[in-house]
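Residue numbers (our numbering), protein chains in the order written: chain L, 1 to 319; chain S, 320 to 638; chain V, 639 to 957. Cβ coordinates follow ideal geometry from the N, Cα and C atoms, glycine included.
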Amino acid sequence: MEQRRSDGSLRHLITLEGLRRAEIEALLDHSQRYVCLPGATPPTNRALAGKSIGNLFTEPSTRTRVSFELAGRRLGAEVLNLEVQLSSRAKGESMLDTIHTLESLHFDAFVIRDSEPGVVAHVAAHVAPHVSVLSAGEAHLSHPTQGLLDALTVRQHKGGDFSRLCVAIVGDIRHSRVARSAYEVFTALGVGELRLIAPSGLMPASGEFPVGKRHFTPETGLRDADVVMMLRLQKERMAAAEIPDGEDYFARFGLTQPRLRLARPDAIVMHPQPMNRGIEIASDVADGPQSVIRDQVRNGVAVRMAVLEAVARARPRPS
Amino acid sequence: MEQRRSDGSLRHLITLEGLRRAEIEALLDHSQRYVCLPGATPPTNRALAGKSIGNLFTEPSTRTRVSFELAGRRLGAEVLNLEVQLSSRAKGESMLDTIHTLESLHFDAFVIRDSEPGVVAHVAAHVAPHVSVLSAGEAHLSHPTQGLLDALTVRQHKGGDFSRLCVAIVGDIRHSRVARSAYEVFTALGVGELRLIAPSGLMPASGEFPVGKRHFTPETGLRDADVVMMLRLQKERMAAAEIPDGEDYFARFGLTQPRLRLARPDAIVMHPQPMNRGIEIASDVADGPQSVIRDQVRNGVAVRMAVLEAVARARPRPS
Amino acid sequence: MEQRRSDGSLRHLITLEGLRRAEIEALLDHSQRYVCLPGATPPTNRALAGKSIGNLFTEPSTRTRVSFELAGRRLGAEVLNLEVQLSSRAKGESMLDTIHTLESLHFDAFVIRDSEPGVVAHVAAHVAPHVSVLSAGEAHLSHPTQGLLDALTVRQHKGGDFSRLCVAIVGDIRHSRVARSAYEVFTALGVGELRLIAPSGLMPASGEFPVGKRHFTPETGLRDADVVMMLRLQKERMAAAEIPDGEDYFARFGLTQPRLRLARPDAIVMHPQPMNRGIEIASDVADGPQSVIRDQVRNGVAVRMAVLEAVARARPRPS
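As structure tokens, this is what we get:
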């Protein structure tokens, strides 16, 4: 799936794969201008006035859906939550018929979350030239705006030179779209070292994450890390027999204060949420001074504003 | 149900029955000004600023609900989706109590879709004088804005003189509110010939559609038609034993390229959607050059803007 | 739960307990400016422009949710309906994580309805200093905006001197948050006499409603009342064995015309809705000239506008 227009500008955002470092940095710079401190009035403008954005979430989500909704509205767009099924079997209406119908109602962008690989790209490949498609999470494969908000969060705390940083991703990497998009964005930004810490059952297949150094215990993997990125156990993507026992998992991989002390003293702790407290992460770490988990959420709105504006800006005039 | 005010202006839109030709043409003219080509920015204004519109859809719908929602918002109104049951048994709250409650919250119009005949008119008969009620589809009986958008679509492609046109309606006419509203609007506009093509089990009762010429095969019915309007099989309104076998139905009534060649070479193909491809219509016809199916959707927003504005415009000042 | 800021201004509205008479009267005066007669265009302003309000309703509600939504929008705020579970067991995401996540998306206020006692106050105790929490109904305990709208309705019809009024609350007082908030507001306003009329099984525990005079029949309780406030049978809060037989209940406690004649000839009849007609109240009374039930709904939007503005107004600037 080509997500660019013929002039090279970004039309869709389906994956972070193939985005150049300068492009990502420009998106992060743009996002930074929309970051809003707690209690401040969020910046708004009319950049997308007259535009309509459709949210199509076929997997449950609150944070990401609301984040896109607020991002669109704060740019002056209409945002509608469209409760449609993208599966081709739903109500005898095929997925593309649904999309073309919505398109004919004059939506300028669709934000899609789907548990089936390829659906987002399939839609993007078939919409009219003036329509953009943004992934809000695709199966276990990709969650590009999450990758960008994670990069923005790291940059805010650790500066823009990623070559000096060691990032440790911990937990259910195998089933995580968050990890895959983080991997793409951090390697594009030239991260110094990237570690994958997981039990073997949750480690990705051997061909994936080629640059990542694999650690099977946090005791080796967390040492001197600058960034500790915890993941959620994606139980809904595991067979029953694969689901680890919570207590046992916490004992072996949960991020506790003692384990966190293995990382650098100024290491930051991230989690994409929702958290399983006491399974992936101890509450005192999640709420502790090194946690930047709420920054991630806050940055999410800023990143989505920047992305919505970026794909809209270069939109060609209708012929 | 009288849908006019005492001065003759349209207050509700429950049915197209009784609308004069000049009135329909004025609505179509008005709609045409809101038609927006693919990729263009939809026209917006503040004609309904300060107004609140409530969507009450008790049957599932995406296209029509979203279409009304966008229409209202593009005229500056607040549009709220109200998830209420209009059935009198729901939660001990009677239908009229619900309506009066919503009315007291200052809604100016209700858009209602309901599977029960008479509910829309019942509501319209009981709301306060300043409130309008618009049908978004009533049982198998009526879908007036669909009728108007179908007429607008025909007019765009075939011009305004309906007396020169032969319109063929094909398929499950018996259970179709789309067919009934199409019949009303096309006869009001003085259509030259109107044909009903269906197997006997899906043909309407003998008193209905008095002007329609009945054909029991597409081979006779489609000959030299200017407009071929396909209908969806309304399986949800049939007893299990009535539902035709899909393959067999397609073989006998599905619109294929060979069958379409029976019509005039410049005939247009319509379908209200959602389509059962391979049952009512072949995919190459649905997506072919004679198909105006996407125009219908596009015209839907324009027609609903015109209708919302029409019923609001003549609204009396409160006493 | 302290619902005030250190300067004494109202930050949250969880309960009417502890509100001073002058404060309540100021809120009612403010509300009165937002009251909109049937058919008039509702007043709007931009007092909350740039603010975002999240509706979190974990119990079904149409009237109150829509009322808050319209109130927020008519003040220029963004209002989002957030379909989240506040229960700590939902999807492994704890209630406070959910709230902090939403907070990080820059919501300025949460409107919460929950069936569990304490949830609203718990959230209020943990949100950031610039965030307000408004109860939209808490278990059987409290429904403060309903109390205010009831007081506003009485004041419109009976004037501001509550010491001259006798208010009779009739029905399922034991399970009613409406009754508890009514009790608080009427006693704060110095009501002359407050009567509780219920069968013993629906009478509140003996320590509650200390000022209320208990009557076990409407025949004694309604005599010369100025205000007759009927309640809904809260069957969903009763064990099956507790639920009274409808016909029997109506015979003993239903408000009929003959019973209403026991009250003062100019008595007003109230009901928070939804009504069980023929169980709590006869239809001719509900729709009769003494009924102010629709006024209550109308006043609900006005009161919620005033409350939203009141908690926003004194909000401290971010540090």
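Residue i classed as buried or exposed, judged by whether at least 16 other C-beta atoms fall within 10 angstroms
i	result
Ser921 of chain V	exposed
Glu78 of chain L	buried
Val530 of chain S	exposed
Gln576 of chain S	exposed
Ser200 of chain L	exposed
Asn364 of chain S	exposed
Thr858 of chain V	exposed
Ser407 of chain S	Confidence in Ser407 of chain S is poor, its pLDDT being 45 and thus under 50, which makes the residue's placement unreliable; the coordinate value appears in the next sentence. Exposed, by the Cβ-count rule.
Leu675 of chain V	exposed
Pro523 of chain S	buried
Gly466 of chain S	buried
Pro448 of chain S	exposed
Arg955 of chain V	For Arg955 of chain V, the predicted structure reports a pLDDT of 49, less than 50, and the residue's modelled location is therefore unreliable. A value from the coordinates is still provided. Result: exposed.
Ser182 of chain L	The amino acid at residue 182 of chain L is misidentified as Ser; the sequence shows Ala. So Ala182 of chain L ends up on the buried side.
Gly373 of chain S	buried
Pro910 of chain V	buried
C-beta neighbour in chain S for residue i, strict 8 Å
i	result
Pro882 of chain V	no
Gly92 of chain L	With a pLDDT of only 40 at Gly92 of chain L, under the threshold of 50, the placement of this residue in the model should not be trusted; the figure read from the coordinates follows. So, interface residue.
Arg89 of chain L	With a pLDDT of only 43 at Arg89 of chain L, under 50, the local geometry of the prediction cannot be trusted, and the value read off the model is given with reservation. No - not a single Cβ of chain S is within 8 Å of the one on Arg89 of chain L.
Asp7 of chain L	no
Met913 of chain V	yes
Ser132 of chain L	no
Arg932 of chain V	yes
Ser31 of chain L	no
Glu78 of chain L	yes
Thr682 of chain V	yes
Within-8 Å CB hit, residue i to chain L
i	result
Pro698 of chain V	no
Thr575 of chain S	no
Gly688 of chain V	yes
Thr616 of chain S	The residue asked about is misnamed: residue 616 of chain S is Val in this sequence, not Thr. Interface residue, yes.
Thr360 of chain S	yes
Arg514 of chain S	no
Ser780 of chain V	no
Residue i - containing alpha helix (DSSP H), residue span
i	result
Ile293 of chain L	Ile293 to Arg313
Val923 of chain V	Ser921 to Ala924
Thr64 of chain L	Arg63 to Arg74
Ser742 of chain V	Met733 to Ser742
Pro577 of chain S	Gln576 to Leu579
Val442 of chain S	Val438 to His445
The beta strand (DSSP E) enclosing residue i, as first and last residue numbers
i	result
Phe695 of chain V	Ser690 to Phe695
Met908 of chain V	Ile906 to Met908
Leu718 of chain V	Glu716 to Asn719
Ile750 of chain V	Ala747 to Asp752
Cβ of residue i within 8 Å of any chain V Cβ
i	result
Glu83 of chain L	no
Leu329 of chain S	no
Pro637 of chain S	Here Pro637 of chain S scores only 48 on pLDDT, less than 50, and its place in the model should not be relied on; the value that follows carries that caveat. It does; some Cβ of chain V falls within 8 Å.
Glu69 of chain L	yes
Gly72 of chain L	no
Gly190 of chain L	no
Ala447 of chain S	yes
Asp433 of chain S	no
6 Å CB neighbourhood of residue i in its chain, flanking five on each side removed
i	result
Lys370 of chain S	Ala396 and Asp427
Asn937 of chain V	Leu787, Leu790 and Thr791
Residues near residue i in its chain [Cβ-Cβ closer than 7 Å; skip 5 each side]
i	result
Pro218 of chain L	Val170, Ile197, Phe253 and Arg259
His126 of chain L	Leu96 and Ile99
Val758 of chain V	Ile652, Ile750, Asp752, Val771, Ser773 and Glu776
Sequence-distant residues of its chain with Cβ nearer than 8 Å to residue i (five each side left out)
i	result
Ala263 of chain L	Ala168, Leu222, Arg223, Asp224, Ala225, Asp226 and Val228
Leu508 of chain S	Arg340, Ile343, Glu344, Ala470 and Phe481
Gly845 of chain V	none
Problem set entry | Unbroken stretches of the alpha helix (DSSP H), 4 residues or longer, contained in the region 809–888 of chain V | Counting only unbroken stretches of 4 or more residues, the alpha helix (DSSP H) elements lying wholly within the region 809–888 of chain V are 815–826 and 856–859, in sequence order.
Exercise. In chain order, which beta strand (DSSP E) runs of at least 3 residues are fully inside the region 131–169 of chain L?
Worked result: With a minimum length of 3 residues, the continuous beta strand (DSSP E) runs that stay inside the region 131–169 of chain L are 132–138.
Exercise. Unbroken alpha helix (DSSP H) runs of length 4 or more, entirely within the region 325–354 of chain S: which are they?
Worked result: Runs of the alpha helix (DSSP H) inside the region 325–354 of chain S: 340–351.
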